[in-house]
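A quick write-up on the structure given underneath.
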Amino acid sequence: MKPLKLGLSLAVLTLGVIGRVNAQNADDSLKAVVDETRQQVEGMAENMAILTGDVEKLKQLKVSGYLQARYELNDSSRYGITGGYDATKNLNANNIYIRRGRIKFQFQPNASSRYIIYFDASKDKVSLKEAYVDLSHRFKEHAFTLTAGQFNIPFGYEIEYSSSKRDFPERSLTERTLFKGERDRGVNLSWTLPKNVQFNAAVLQGYGIEDSKFTWFDPTKQKDVLGRVKVKLGMVDFGVSAYHGKTYVPGTAAVAPVTTYIDVNGNGLVDAGDSVRTTTGSAATPAVEYDKNRVGIDAQLYLDVLPLGGTGVRAEMIGARDKGKMERGWYLWLSQAVYKNFGGAVRYDYFDPNTSDAAKSDATGTLSLAAHYYWDANVRLTAAYDMPRLLKDNSIFSKASGDKKDNTFTLQFQYSM
Amino acid sequence: MKRIILRTSALIAIVTAIVIGANYLGIAAGQAISVKGSDTMVLLGQRWAEAFMKQNPGIVVQVTGGGSGVGIAALINGSTDVCEASRPMKASEVDKLKERFNSPGVEIPVARDGLSVYLNDQNPISELSIDQLAAIYSGKATNWKEFGGNDARIILYGRENSSGTYGLFKDEVLKGRDFAPQTQTLPGTAAVVNAVSKDPNGIGYGGAAYAKGVKDAKLKLDAKSTAYLPTEENVKSGVYPLSRYLFWYLRNKPMGDTKKLVDFVLSEEGQKIVAEVGYYGLK
Numbered sequence: 006m007k008p009l010k011l012g013l014s015l016a017v018l019t020l021g022v023i024g025r026v027n028a029q030n031a032d033d034s035l036k037a038v039v040d041e042t043r044q045q046v047e048g049m050a051e052n053m054a055i056l057t058g059d060v061e062k063l064k065q066l067k068v069s070g071y072l073q074a075r076y077e078l079n080d081s082s083r084y085g086i087t088g089g090y091d092a093t094k095n096l097n098a099n100n101i102y103i104r105r106g107r108i109k110f111q112f113q114p115n116a117s118s119r120y121i122i123y124f125d126a127s128k129d130k131v132s133l134k135e136a137y138v139d140l141s142h143r144f145k146e147h148a149f150t151l152t153a154g155q156f157n158i159p160f161g162y163e164i165e166y167s168s169s170k171r172d173f174p175e176r177s178l179t180e181r182t183l184f185k186g187e188r189d190r191g192v193n194l195s196w197t198l199p200k201n202v203q204f205n206a207a208v209l210q211g212y213g214i215e216d217s218k219f220t221w222f223d224p225t226k227q228k229d230v231l232g233r234v235k236v237k238l239g240m241v242d243f244g245v246s247a248y249h250g251k252t253y254v255p256g257t258a259a260v261a262p263v264t265t266y267i268d269v270n271g272n273g274l275v276d277a278g279d280s281v282r283t284t285t286g287s288a289a290t291p292a293v294e295y296d297k298n299r300v301g302i303d304a305q306l307y308l309d310v311l312p313l314g315g316t317g318v319r320a321e322m323i324g325a326r327d328k329g330k331m332e333r334g335w336y337l338w339l340s341q342a343v344y345k346n347f348g349g350a351v352r353y354d355y356f357d358p359n360t361s362d363a364a365k366s367d368a369t370g371t372l373s374l375a376a377h378y379y380w381d382a383n384v385r386l387t388a389a390y391d392m393p394r395l396l397k398d399n400s401i402f403s404k405a406s407g408d409k410k411d412n413t414f415t416l417q418f419q420y421s422m
Numbered sequence: 016m017k018r019i020i021l022r023t024s025a026l027i028a029i030v031t032a033i034v035i036g037a038n039y040l041g042i043a044a045g046q047a048i049s050v051k052g053s054d055t056m057v058l059l060g061q062r063w064a065e066a067f068m069k070q071n072p073g074i075v076v077q078v079t080g081g082g083s084g085v086g087i088a089a090l091i092n093g094s095t096d097v098c099e100a101s102r103p104m105k106a107s108e109v110d111k112l113k114e115r116f117n118s119p120g121v122e123i124p125v126a127r128d129g130l131s132v133y134l135n136d137q138n139p140i141s142e143l144s145i146d147q148l149a150a151i152y153s154g155k156a157t158n159w160k161e162f163g164g165n166d167a168r169i170i171l172y173g174r175e176n177s178s179g180t181y182g183l184f185k186d187e188v189l190k191g192r193d194f195a196p197q198t199q200t201l202p203g204t205a206a207v208v209n210a211v212s213k214d215p216n217g218i219g220y221g222g223a224a225y226a227k228g229v230k231d232a233k234l235k236l237d238a239k240s241t242a243y244l245p246t247e248e249n250v251k252s253g254v255y256p257l258s259r260y261l262f263w264y265l266r267n268k269p270m271g272d273t274k275k276l277v278d279f280v281l282s283e284e285g286q287k288i289v290a291e292v293g294y295y296g297l298k
């Protein structure tokens, strides 16, 4: 019996030891697996932290822009309203082209500074539209931003209104004439008060970015100055702008009279049968610097009365003194949203390049109509019709005898991102 | 030319009439109402939608989050009917709405919320002033012992910059300054609460409704003021320094099914849901 007991005891002891060893082995191996898994998770967390840091950096860079592909059918005239046509080649102009291909890069690493560069690829060239640095500071509820570089001229309403949002293919004639290119180089201080009042004070080069002669330099010593006050009250917004600067008109050299003999009888000799023509000469004229003053008021009214959607009424008036003459322009613009995907608009745009009695019948009144379909959040299709009319005796609507057939139909596909 | 214009105009008119008609019929037939925006409000929005759809079986309401900024962007580009936002719209966003829809939008406060500052249960600190919070989140103060707590590094948790909660905290606490770069950005308030509940030295912020497993810090305006918890009474009376309205934004005055939904949200029943979710009603 004793050997059996001893044998059983030994067997139980052996099994116990084996069990404990196995359990110990299992614990060790589980611990190893847990340790390994923990290390893997920690490694992933580390990689995730690096990735998150990289993504955060990428989020500081924002890219936006829009493309306008356009079909434009001009009336039977050499005067397309967008200007710039070669009169000898553009009779019955009928074109498909890229009107605006914009891309904007914005880098903002923090709330206190921002850098923007903005390019345009349109028709057959690429140009720099904007390049500026914003330095922002907040003091309690007041926000200050100092902008330096090339940026939108902070005058009035329509200049800063993006072409990707505007109902009509082009800005009003007044803006296109007085602020060609809508942008200039300089510095602009913007001060926003808590109650939606904004002041702007800017010092600008003065010639804009599309002057054919003074492409980047200003021949006048004086820089142009600009001030604006804008008030936003929700349903009603309005603003007042003032601009003062100088325009340089180059002088001309003296021209001597020229006498030309025309060999009428074809005998190769200067004789009695020939005719003589003499052009009159002119004295040299000095270069002149004229005052360049502009004053503008603008107002926008937003109504929510029709069950179709919002109604916007926008108006702006600008009076200008440039190169010794007075200019005046205004527009009245009515927009209607129709549910989520449609919109329509009508605008009357008036511009008189010389208000004096000596220059009558030189004002232009343009009636524009537009209809939009928003395909999705990015795509807008627009059909627009512009009817410019030369006006008689500075009136608002009567047609002058020299009015051309120059209406334009535009069909535009726009993609915004 | 006149004939071409006439034909083109007629074609545009016909196509427009067909699409407007289809659009109108779609609205009349009861398309889904989409509600998008604040992550803080997504739970509340879903509860409202469930209760509303039970009462109005023919109307579908789809609620998604993404952040207040995302919701406002969707309202501006026309991809949502209602935007939920835990902060007021900025002037620049209103401008975009005016440009696209000729309307400054309609702002409807739908609830009130106290923005809680979460601390781990083990943290001996129980109250902070707004100035102290600003020092912590701007990175000037980095150790809890500066405020009488343990000698331990402060671990900062925060929200993504598309969040209205982020915007409110930045405006009200940091006065527009930047968050310290070591702030760990998390995708939702629930994630912030979860992180602080597991981190004895953590601090986070978010809607009062989410404070489960962490404790709310008492807040005071400055060292001399009294500190208050984000309770309903303190939030509604305005003594709690970080309180806010929660908003719904629409493009235009609500009509049809959308008006029914808005009326429901503002009704006694809708406001009862506000309290159930953990926010505070308007009255």
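So the protein lines, in turn, are chains Z and V.
One rule links them: number in my numbering = place in the first sequence (from 1) + 5.
One rule links them: number in my numbering = place in the second sequence (from 1) + 15.
Backbone N, C-alpha and C fix where the C-beta goes; we use that ideal spot for every residue, glycine too.
Quantities reported herein were computed from a predicted structural model and do not represent experimental measurements.
Could you check how far apart the C-beta atoms of residue i and residue j are, in whole angstroms? I think they sit under 8 Å.
i                      : j                      : result
residue 117 of chain V : residue 214 of chain V : That pair is no contact at about 49 Å.
residue 333 of chain Z : residue 369 of chain Z : That pair is no contact at about 12 Å.
residue 74 of chain Z  : residue 418 of chain Z : 5 Å
residue 113 of chain Z : residue 65 of chain Z  : 6 Å
residue 183 of chain V : residue 102 of chain V : 5 Å
residue 141 of chain V : residue 227 of chain V : With 8 Å as the limit, residue 141 of chain V and residue 227 of chain V do not qualify as a contact, their Cβ atoms being about 18 Å apart.
residue 277 of chain V : residue 91 of chain V  : 19 Å between Cβ atoms; not a contact.
residue 211 of chain Z : residue 186 of chain Z : The pair is not a contact, with the Cβ atoms about 12 Å apart (cut-off 8 Å).
residue 102 of chain Z : residue 305 of chain Z : Actually they are not in contact, since the Cβ atoms of residue 102 of chain Z and residue 305 of chain Z sit about 31 Å apart, beyond 8 Å.
residue 170 of chain V : residue 156 of chain V : Not quite, the Cβ-Cβ distance comes to about 13 Å (not below 8 Å), so this is no contact.
residue 134 of chain Z : residue 188 of chain Z : 6 Å
Between which residues of its own chain and residue i is the CB-CB distance below 6 Å, once the five residues before and five after are set aside?
i                      : result
residue 337 of chain Z : 320, 353
residue 249 of chain Z : 230, 298
residue 47 of chain V  : 75, 77
residue 95 of chain V  : 49, 51, 89
residue 199 of chain V : 172
residue 72 of chain Z  : 106, 420
residue 199 of chain Z : 146
residue 341 of chain Z : 316, 349
residue 284 of chain V : none
residue 59 of chain V  : 292
residue 64 of chain V  : 76, 78
residue 247 of chain Z : 232, 300
Would you tell me roughly how many angstroms separate the C-alpha atoms of residue i and residue j, rounded to the nearest one?
i                      : j                      : result
residue 410 of chain Z : residue 366 of chain Z : 16 Å
residue 79 of chain Z  : residue 317 of chain Z : 29 Å
residue 269 of chain Z : residue 278 of chain Z : 6 Å
residue 396 of chain Z : residue 356 of chain Z : 10 Å
residue 385 of chain Z : residue 295 of chain V : 42 Å
residue 291 of chain Z : residue 261 of chain Z : 17 Å
residue 196 of chain V : residue 208 of chain V : 20 Å
residue 120 of chain Z : residue 258 of chain Z : 45 Å
residue 116 of chain Z : residue 174 of chain Z : 35 Å
residue 283 of chain Z : residue 267 of chain Z : 11 Å
residue 104 of chain V : residue 204 of chain V : 21 Å
residue 178 of chain Z : residue 276 of chain Z : 56 Å
residue 248 of chain V : residue 82 of chain V  : 27 Å
residue 208 of chain Z : residue 192 of chain V : 28 Å
residue 150 of chain Z : residue 222 of chain V : 32 Å
Using a Cβ-Cβ cutoff of less than 8 Å, which residues in the same chain neighbour residue i once the five nearest sequence positions on both sides are dropped?
i                      : result
residue 38 of chain Z  : none
residue 34 of chain V  : Note that residue 34 of chain V scores 49 on pLDDT, short of 50, meaning its location in the model is unreliable; the coordinates nonetheless yield the value given after this. So no residue of the chain qualifies.
residue 110 of chain Z : 66, 67, 68, 121, 122, 123
residue 287 of chain Z : 257, 259, 260
residue 235 of chain V : 142, 143, 144, 145, 241, 242, 243, 256
I'd like the list of long-range same chain contacts for residue i, defined as Cβ closer than 7 Å, with 5 residues on each side in sequence excluded.
i                      : result
residue 392 of chain Z : 371, 372, 412
residue 289 of chain Z : 256, 257, 258, 259
residue 86 of chain V  : 51, 52, 53, 95, 98, 99, 100
Next on the checklist: Closer than 7 Å between beta carbons: that is the criterion. Which residues of the segment 311-340 of chain Z meet it against chain V?
Outcome noted: 312, 314, 315, 316, 317, 340
Checklist entry - What are the complete alpha helix (DSSP H) segments, minimum 4 residues, inside the segment 154-234 of chain Z? => result Those alpha helix (DSSP H) runs which fall completely within the segment 154-234 of chain Z and span 4+ residues are 178-183.
Next on the checklist: Counting only Cβ-Cβ distances shorter than 7 Å, please list the residues of the segment 216-244 of chain Z near chain V, keeping chain order.
Outcome noted: 237, 239, 240
Checklist entry - What are the residues of the segment 183-207 of chain Z that lie near chain V, defined by any Cβ-Cβ distance shorter than 9 Å? => result 197, 201, 203
Checklist entry - In chain order, what residues of the segment 109-120 of chain V put their CB closer than 7 Å to some CB of chain Z? => result The segment 109-120 of chain V vs chain Z, Cβ under 7 Å: 113, 114, 115, 116, 117, 118, 119.
Next on the checklist: Which residues of the segment 100-119 of chain Z have a Cβ closer than 8 Å to any Cβ of chain V? Give them in chain order.
Outcome noted: Taking 8 Å as the Cβ-Cβ cut-off against chain V, the residues of the segment 100-119 of chain Z that qualify are 115, 116, 117.
Item to check | Near-chain V residues of the segment 131-162 of chain Z - C-beta to any C-beta below 7 Å | outcome: Under the 7 Å Cβ criterion, the segment 131-162 of chain Z contributes 143.
Item to check | chain V contacts from the segment 380-395 of chain Z (Cβ-Cβ distance under 9 Å) | outcome: So the close ones are 381, 382, 383, 388, 390.
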